[in-house]
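Take a look at the structure set out below.
Number of protein chains: 2
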Amino acid sequence: MAKKMANAFYAQSGGVTAVINASACGVIETARKHKDKIGKVYAGRNGIIGALTEDLIDTSKESARAIAALRYTPSGAFGSCRYKLKGLDVNRAEYERLIEVFEAHNIGYFFYNGGGDSADTCLKISQLSKSMGYPIQAIHVPKTVDNDLPITDNCPGFGSVAKYIAVSTREASFDVASMCKTSTKVFVLEVMGRHAGWIAAAGGMASTEDCEIPVVILFPEVTFSKAKFLKAVKDNVKKFGYCSVVVSEGVRDRSGRFLADQGLKDAFGHAQLGGVAPVIANMIRDGLGYKYHWAVADYLQRAARHIASKSDVEQAYAMGKAAVELALKGENSVMPTVVRKSNKPYKWTIGKARLSRVANVEKMMPKGFISKDGFGITKKCRDYLEPLMRGEDYPPYGKDGMPKYVQLKKVAVKKRLEKPFKLK
Amino acid sequence: MAKKMANAFYAQSGGVTAVINASACGVIETARKHKDKIGKVYAGRNGIIGALTEDLIDTSKESARAIAALRYTPSGAFGSCRYKLKGLDVNRAEYERLIEVFEAHNIGYFFYNGGGDSADTCLKISQLSKSMGYPIQAIHVPKTVDNDLPITDNCPGFGSVAKYIAVSTREASFDVASMCKTSTKVFVLEVMGRHAGWIAAAGGMASTEDCEIPVVILFPEVTFSKAKFLKAVKDNVKKFGYCSVVVSEGVRDRSGRFLADQGLKDAFGHAQLGGVAPVIANMIRDGLGYKYHWAVADYLQRAARHIASKSDVEQAYAMGKAAVELALKGENSVMPTVVRKSNKPYKWTIGKARLSRVANVEKMMPKGFISKDGFGITKKCRDYLEPLMRGEDYPPYGKDGMPKYVQLKKVAVKKRLEKPFKLK
Chain A
1 MAKKMANAFY
11 AQSGGVTAVI
21 NASACGVIET
31 ARKHKDKIGK
41 VYAGRNGIIG
51 ALTEDLIDTS
61 KESARAIAAL
71 RYTPSGAFGS
81 CRYKLKGLDV
91 NRAEYERLIE
101 VFEAHNIGYF
111 FYNGGGDSAD
121 TCLKISQLSK
131 SMGYPIQAIH
141 VPKTVDNDLP
151 ITDNCPGFGS
161 VAKYIAVSTR
171 EASFDVASMC
181 KTSTKVFVLE
191 VMGRHAGWIA
201 AAGGMASTED
211 CEIPVVILFP
221 EVTFSKAKFL
231 KAVKDNVKKF
241 GYCSVVVSEG
251 VRDRSGRFLA
261 DQGLKDAFGH
271 AQLGGVAPVI
281 ANMIRDGLGY
291 KYHWAVADYL
301 QRAARHIASK
311 SDVEQAYAMG
321 KAAVELALKG
331 ENSVMPTVVR
341 KSNKPYKWTI
351 GKARLSRVAN
361 VEKMMPKGFI
371 SKDGFGITKK
381 CRDYLEPLMR
391 GEDYPPYGKD
401 GMPKYVQLKK
411 VAVKKRLEKP
421 FKLK
Chain B
1001 MAKKMANAFY
1011 AQSGGVTAVI
1021 NASACGVIET
1031 ARKHKDKIGK
1041 VYAGRNGIIG
1051 ALTEDLIDTS
1061 KESARAIAAL
1071 RYTPSGAFGS
1081 CRYKLKGLDV
1091 NRAEYERLIE
1101 VFEAHNIGYF
1111 FYNGGGDSAD
1121 TCLKISQLSK
1131 SMGYPIQAIH
1141 VPKTVDNDLP
1151 ITDNCPGFGS
1161 VAKYIAVSTR
1171 EASFDVASMC
1181 KTSTKVFVLE
1191 VMGRHAGWIA
1201 AAGGMASTED
1211 CEIPVVILFP
1221 EVTFSKAKFL
1231 KAVKDNVKKF
1241 GYCSVVVSEG
1251 VRDRSGRFLA
1261 DQGLKDAFGH
1271 AQLGGVAPVI
1281 ANMIRDGLGY
1291 KYHWAVADYL
1301 QRAARHIASK
1311 SDVEQAYAMG
1321 KAAVELALKG
1331 ENSVMPTVVR
1341 KSNKPYKWTI
1351 GKARLSRVAN
1361 VEKMMPKGFI
1371 SKDGFGITKK
1381 CRDYLEPLMR
1391 GEDYPPYGKD
1401 GMPKYVQLKK
1411 VAVKKRLEKP
1421 FKLK
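Taken in sequence, the protein lines are chains A and B.
Under the numbering used here, the residue at position 323 of the first sequence is numbered 323, and the numbers go up by one with no gaps.
Under the numbering used here, the residue at position 44 of the second sequence is numbered 1044, and the numbers go up by one with no gaps.
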């Protein structure tokens, strides 16, 4: 258990989303309501690096209005990082440093807002009480556009990217449908999702009963077959005059190689991808001779707060709030989750998961979500996705036509330790 | 002058936009209010090709509700085409065929919704009275995301793409700012604009006095210098920790070659481009060693009705309405224009331009709109762009979280001619 009136540490980790700041808003606003139990909320500047380097942001210096504006501001307002703590046996110095910093700033609550890798970091922190005798409660706040965390029904961040991809695919498909008589017949949109095809699946939501659109989806879960793919596109062009293709960056061929492998790796050792759309477009040109256009949404998809899903914003906020409430109940080493109670009407409640069951576990799309031909989504998948994309939650706009996203003051907490810490 | 109670022909031409259907809505709703003077509005299925092949859509079969929904539906609802009429001396058969079709369907009004190439087609039609003795009034309705038509202050379609690019650049910049400590430092967004840098300029609107963002713009008007560009990016990364780059597809090097030339050409003989973003990203990697991400917005930018500018939607509708009103006044061979009366407050009115002064003329960015270093926009440019991006005009959404764009019935008008027409 954290000491009474201990301060809280909050940090954002990994790739950011359109709604991770809504979780930050939930954490900070809820902590502010419990000033009898939680002191200040210090945010790590650039995630866990802020803790290691004693670079803390005093969120109490931000006005209530600025904190409220986090709810509709995309990205990570305090800075994120790609930095995974090594095991205690490998780099004990890191843990000793964290305890030094936590002690110097009376930090008893640790809220870490991230995905699977970050859950692992959070798990390691949660074990500090036991492993190194430092009293701390570590709660993970789920976040990832990839929707690949286990146990929770879905991850905040995903619903908004799903809405963005579905809306964009519908819009671009309308465009191609207009042009296909004499010009572009195939539109290719590359989307994120390294291993799990959740985001690609959202492309299938562009087509509905009352608005039919031919969409071919290339999932990372389905081994790419050029012949079958070109046939699917050709069939659609014959029937509809055009075809849209939504391709996941993680699509692989029979040999297991990413179609778009550029040979780069990130700090977590993950391959860095990009550019599968032009690869697919060239196949269409060479194999079918159709005129094509291609787009790569990249960061636009995960930053698109302007078209965020209302469900997603609400759940992101609720996860932040729940994390603080779990901490106040004395919990440690857990993550609040979304528990789906029913589809029609959509009802959900908040549950919790042990971090040991969350860390480093990737949730794939269920087999029953991908249609038999491997290029589409099933009704089951639609029923799952629909509520997550539901509702609009527009940010306020200025007279200049631009969304009024907040840039925080980010006032640094005075350092109390003498020696700096060198990151490895 | 058209005969009394003649029918009208309306068609969409060239690349479509988020608001071209709002112009269609303006044309059809206004014509419906003047049933004493204008008979039916027939739309060309796939632009002028619909006229040549006698493939007409009877818009009177569409409900008032469906026509009203065009106001918030992106793309060209009747189908567009890239097809430019040749000169009367080169292909007289095309003109004779048009007159046959017009005569068979009692068409006296010709409304053509397009850009510079389409204005040329419209001009040729407007001369049919004189050149071939067929009574017709041809009015051009301006449309182009490229904003490159002369005389009019701006073109419907541009304001919305400008808003999309400015908002997306701001959002992606917030994302990169979060990631730059340990990961991505440079974000590159490729935008449309073959010759004129209007769309690229909109990327500069991402940064405002109350929300500073480092954006380097690569205009087609400015010859690309790798050394200067890399220095500009490096300076921003040193100062802000990150940098966003907005690059026009039309950027050329000193030899005049497109940085992204793929060697393809469209029906108008224009080079087909794509993929300058990865070229720029590779330069950054090799020259500066920064981690980067890149996006290509492609059709997403011009189809993004979900983030359309209110000014733009209003002007698109007003241009369609004005076109019909000009026709009712007996005008021929003209195009309604937007005339800017003042910036603060933004006031505009409707003017008109002779088609002979519009056809095949491309309006470039004024020199005074690009900052001295060639990488940014001036206050003059901001003052011009701001009102065009102003206001939001959201489409209605269904319970499924998707915008309710309309797909028309597109009932064909019964053919009256026996022989088909073969397009060349």
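Using N, Cα and C, we set each Cβ at its ideal position, and we do this for glycine too.
### Query
If you draw a straight line from the C-alpha of residue 17 of chain A to the C-alpha of residue 137 of chain A, how long is it?
25 Å
### Task
Sort B:1359, B:1011, B:1098 and B:1319 by Cα distance to residue 1419 of chain B and report the nearest one.
B:1098
#### Entry: Exposure label - residue 233 of chain A; buried when at least 16 CB within 10 Å
By the 10 Å Cβ count, residue 233 of chain A comes out buried.
### Query
Do you know how far the Cα of residue 35 of chain A is from the Cα of residue 41 of chain A?
10 Å
### Within chain B, partners of residue 205 of chain A - CB distance below 9 Å
Among the residues of chain B, those whose CB is under 9 Å from the CB of residue 205 of chain A are 1400, 1401 and 1402, following chain order.
### Query
Do you know how far the Cα of residue 1112 of chain B is from the Cα of residue 1180 of chain B?
Roughly 48 Å between the two C-alpha positions.
### Query
With which residues is residue 1252 of chain B paired in a DSSP beta bridge?
B:1258
### Task
Say whether chain B places a C-beta atom closer than 8 Å to the C-beta of residue 176 of chain A.
yes
### Task
Give every residue of the same chain whose Cβ lies closer than 7 Å to the Cβ of residue 1375 of chain B, excluding the five residues on either side of it in the sequence, and list them in chain order.
1216, 1217 and 1232
### Query
Can you tell me whether residue 1416 of chain B is buried or exposed, with buried defined as 16 or more other CB within 10 angstroms of its CB?
exposed
### Query
Do the segment 1346 to 1355 of chain B and the segment 1173 to 1193 of chain B meet, that is, are 3 or more Cβ pairs less than 8 Å apart?
no
### Task
Go through the segment 1099 to 1173 of chain B residue by residue and report every complete run of the beta strand (DSSP E) that reaches 3 residues or more, in order.
1107 to 1114 and 1137 to 1142
### Inter-residue CB distance, residue 976 of chain B and residue 1119 of chain B (contact presumed, cutoff 8 Å)
Lying before the first or after the last residue shown, residue 976 of chain B is absent from chain B, which here runs from 1001 to 1424.
### Query
Is the CB-CB distance between residue 1057 of chain B and residue 1078 of chain B below 8 Å?
yes
#### Entry: Beta-carbon proximity of residue 1167 of chain B to residue 306 of chain A, cut-off 8 Å
Yes.
### Query
Helix, strand or coil: which one does DSSP assign to residue 1335 of chain B?
strand
### Query
Alpha carbon to alpha carbon, how far is residue 1390 of chain B from residue 397 of chain A?
9 Å
### Query
Taking just the CA atoms, how far does residue 1147 of chain B sit from residue 1426 of chain B?
Outside the modelled stretch of chain B, which goes from 1001 to 1424, sits residue 1426 of chain B, for which no answer is possible.
### Task
Using a cut-off of 7 Å between C-beta atoms, extract the partners of residue 187 of chain A located in chain B.
1299
### Span of the beta strand (DSSP E) around residue 1286 of chain B
Taken as a continuous stretch (DSSP letters only), residue 1286 of chain B belongs to no beta strand (DSSP E), being part of the alpha helix (DSSP H) at 1276 to 1288.
### Coarse secondary structure for residue 1240 of chain B, derived from DSSP in three states
Three-state result, residue 1240 of chain B: helix.
### Query
What separation, rounded to the nearest whole angstrom, lies between the Cα atoms of residue 4 of chain A and residue 88 of chain A?
27 Å
### Message
Let me check understanding here. Comparing Cα to Cα, which of B:1206, B:1392 and B:1207 lies closest to residue 1310 of chain B?
### Response
B:1392
### Task
Report the option in B:1281, B:1302 and B:1299 whose CA atom is closest to the CA atom of residue 1292 of chain B.
B:1281
### Message
Helix, strand or coil for residue 1387 of chain B? Go by DSSP, reduced to three states.
### Response
helix
### Task
Compute the Euclidean distance between the alpha carbons of residue 368 of chain A and residue 413 of chain A, then round it to the nearest angstrom.
One C-alpha to the other measures close to 50 Å.
### Task
Please compile the residues from chain B whose C-beta is within a distance smaller than 7 Å of the C-beta of residue 407 of chain A.
Ordered by position in chain B, the residues that pass the 7 Å Cβ test against residue 407 of chain A are 1211.
### Query
Is there contact between the segment 1230 to 1250 of chain B and the segment 1397 to 1407 of chain B, where contact requires at least three CB pairs shorter than 8 Å?
no
### Query
Of the choices B:1155, B:1100, B:1009 and B:1105, whose alpha-carbon is the least far from that of residue 1339 of chain B?
B:1155
### Task
Could you tell me which chain E residues have their CB closer than 7 Å to the CB of residue 81 of chain A, listed as they occur along the chain?
Note that chain E does not occur in the displayed structure, where the protein chains are A and B.
### Message
Quick check: the Cα distance between residue 1066 of chain B and residue 1406 of chain B, rounded to an integer number of angstroms?
### Response
7 Å
### Query
Among all the DSSP beta bridges, which residues are the ones paired with residue 1007 of chain B?
Residue pairing by DSSP places residue 1007 of chain B opposite B:1107 in a beta bridge.
### Message
What does the alpha-carbon distance come out to for the pair residue 394 of chain A and residue 308 of chain A?
### Response
Distance between the alpha carbons of residue 394 of chain A and residue 308 of chain A is about 7 Å.
### Task
Please compile the residues from chain B whose C-beta is within a distance smaller than 9 Å of the C-beta of residue 278 of chain A.
1274, 1275, 1278 and 1296
### Task
Please classify residue 42 of chain A: does DSSP put it in a helix, a strand, or coil?
If DSSP states are grouped into helix, strand and coil, residue 42 of chain A belongs with the strands.
### Query
Is the shortest distance between the beta-carbon of residue 101 of chain A and the beta-carbons of chain B less than 8 Å?
no
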